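Worksheet for the structure shown next.
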Amino acid sequence: MKKNKRIAMMGAIALTAAMSFSGCTSEEEVNNPNYNPETGEVLTSFVFNVSTSNTPTGTRMTAANTQANVTSANGFRGIANAELLTFKQTAGSALADGKTVSIPLAADKHFAFGTVIGANKLDPVNGDASTDVTKSHRVIELSLPTETNTLVCYGKAIKTGTDMEQGKITWNVSDNLANTSFSLCRIVPTTAEASNPLIYEDAFMQYENLMANVLTQIVNSGVKAGTTFNFGSESMTLASDLNWGDYVNISSDLQISPKTVAPLDPTGNTPMCALGEILGETFTTFNTIYPNELRAGSGSSIAYMIKDIMVVVNNVINANPVSIQEVVAQGVASAIKATIETYFDAENDYAW
38 MKKNKRIAMM
48 GAIALTAAMS
58 FSGCTSEEEV
68 NNPNYNPETG
78 EVLTSFVFNV
88 STSNTPTGTR
98 MTAANTQANV
108 TSANGFRGIA
118 NAELLTFKQT
128 AGSALADGKT
138 VSIPLAADKH
148 FAFGTVIGAN
158 KLDPVNGDAS
168 TDVTKSHRVI
178 ELSLPTETNT
188 LVCYGKAIKT
198 GTDMEQGKIT
208 WNVSDNLANT
218 SFSLCRIVPT
228 TAEASNPLIY
238 EDAFMQYENL
248 MANVLTQIVN
258 SGVKAGTTFN
268 FGSESMTLAS
278 DLNWGDYVNI
288 SSDLQISPKT
298 VAPLDPTGNT
308 PMCALGEILG
318 ETFTTFNTIY
328 PNELRAGSGS
338 SIAYMIKDIM
348 VVVNNVINAN
358 PVSIQEVVAQ
368 GVASAIKATI
378 ETYFDAENDY
388 AW
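Just so it is clear: in the sequence shown, position 153 is 190 by this note's numbering, and no numbers are missing.
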């Protein structure tokens with residue numbers, strides 16, 4: 038459960054093309070040896086340039102999977118299924134600047150390169166133009182229609198691992214951008230056990246229920262009845278269990294808010310202590326999804342959330358208490374920490 042599940046994504050590719058197009062309409066015009074009047078196309082050099090120095094951010098992928106920071110030891114995976122589409126965006130059309138395609142268009146020409154750069158054929162440190170291993174780019178000779186001003190290129194990293202390690206996508210590149218589509222495929226195995234076949238949904242539900250049960254255990258963390266706390270000459274023995282959730286109010290419509298009085302106080306006259314307020318605020322934030330808020334449910338996203346909670350919990354545990362109520366709050370915080378570290382790896386940024 039402490040192993041991150043990863044989904045492989047395509048890395049960014051920087052594309053540049055050196056193009057100069059002209060046609061010949063009479064003998065008086067300058068003849069361009071690269072122009073073919075029969076096809077209306079110009080031979081040009083297309084420079085397929087790949088940046089590998091970008092450390093991945095905002096992704097769960099490793100540098101190896103995103104093909105960042107390529108070294109001899111961590112070889113470039115290569116790019117396959119490379120396809121290039123050319124377009125003539127007419128003057129006056131929306132964003133006809135050669136950088137943006139704002140509406141679905143049909144390509145004037147479609148090149149299918151296949152593997153444009155092979156595995157381990159790019160090395161930004163040791164690449165040598167005299168060999169088949171380049172530092173950063175490959176030059177491809179193309180015949181492009183005159184007045185071409187926009188290029189769209191697609192490509193996939195060559196797969197070297199399993200679907201669970203590097204993900205899986207559908208791949209449909211069409212001459213018409215309206216019919217081009219990509220989508221992530223599920224990577225949860227079709228069977229949880231070889232002897233007990235399960236459909237995707239059943240296998241996925243096992244992970245979902247596991248996460249839900251773990252998070253429920255965390256919010257129910259607390260200290261048992263009969264536990265005694267001491268602060269100076271003052272002593273308190275709990276008459277009933279005290280859980281993290283006792284520091285908040287939950288309304289009939291499941292709205293959560295921090296309590297303003299100390300938990301387990303039958304009189305309701307003891308104000309909530311400062312450390313208790315922190316536990317209440319943290320519980321509320323942890324369990325409340327606000328309008329227009331979207332939370333990721335991936336293993337790494339949950340690990341980030343748990344890491345944030347642990348910063349608060351450790352602050353409560355390490356604080357200098359000023360009352361018996363704060364000593365009790367520290368006992369609850371210690372119970373929360375113990376539960377979290379049962380399921381998450383504290384030495385590995387609380388990964389599953």
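Beta carbons: idealized from backbone N, C-alpha and C, even for Gly.
Just so you know, these numbers come straight off a predicted model, no measurement behind them.
- [ ] Could you please give the first and the last residue of the uninterrupted beta strand (DSSP E) stretch that includes Phe320?
- [x] No beta strand (DSSP E) contains Phe320, which is instead part of the alpha helix (DSSP H) from 311–324.
- [ ] Could you tell me whether the region 162–171 touches the region 114–125, where touching means 3 or more Cβ pairs closer than 8 Å?
- [x] Contact fails: fewer than three Cβ-Cβ distances are below 8 Å.
Open item on the list: Can you find the residues in the same chain that come closer than 8 Å, C-beta to C-beta, to Thr415, ignoring five residues on each side of it along the sequence?
Closed with: In the structure displayed, the chain extends from 38 to 389; residue 415 sits before or after that span and is not available.
Task: The beta strand (DSSP E) enclosing Ile116, as first and last residue numbers - done: Membership of Ile116 in the beta strand (DSSP E) is indicated by the continuous run 116–124.
- [ ] Have a look at the DSSP bridge pairing and note the partners of Asp382.
- [x] DSSP output for Asp382 lists Ala388 as bridge partner(s).
Task: For Asn352, the three-state DSSP class (helix, strand or coil) - done: Shown here, Asn352 sits in a helix according to DSSP, grouped into three states.
Open item on the list: For chain D, check one thing: does any of its Cβ atoms lie closer than 9 Å to the Cβ of Leu214?
Closed with: Here there is only one protein chain, and chain D is not present.
Task: Element boundaries [beta strand (DSSP E), containing Glu75] - done: First-last for Glu75: undefined, no H or E at that position.
Open item on the list: Could you check whether the region 352–372 touches the region 303–317, counting it as contact only if at least three pairs of C-beta atoms, one from each stretch, sit closer than 8 Å?
Closed with: Yes: at least three Cβ pairs fall under 8 Å.
Open item on the list: Measuring only the C-alpha atoms, how far is Ser220 from Val210?
Closed with: For Ser220 and Val210, the distance between alpha carbons rounds to 12 Å.
- [ ] Could you spell out the range, first to last residue, of the alpha helix (DSSP H) harbouring Glu184?
- [x] That residue, Glu184, is in no alpha helix (DSSP H); it is neither H nor E in DSSP.
Task: Local Cβ density within 10 Å of Ile140, reported as buried at 16 or more and exposed below that - done: Per the 10 Å Cβ criterion, exposed.
TODO: Going by DSSP, name the residue or residues bridged to Glu271.
DONE: Phe268, per the DSSP bridge assignment.
Open item on the list: So, with DSSP's three-state summary, where would you put Glu66?
Closed with: A caution first: Glu66 carries a pLDDT of 48, below 50, which makes its placement in the model too unreliable to give a value.
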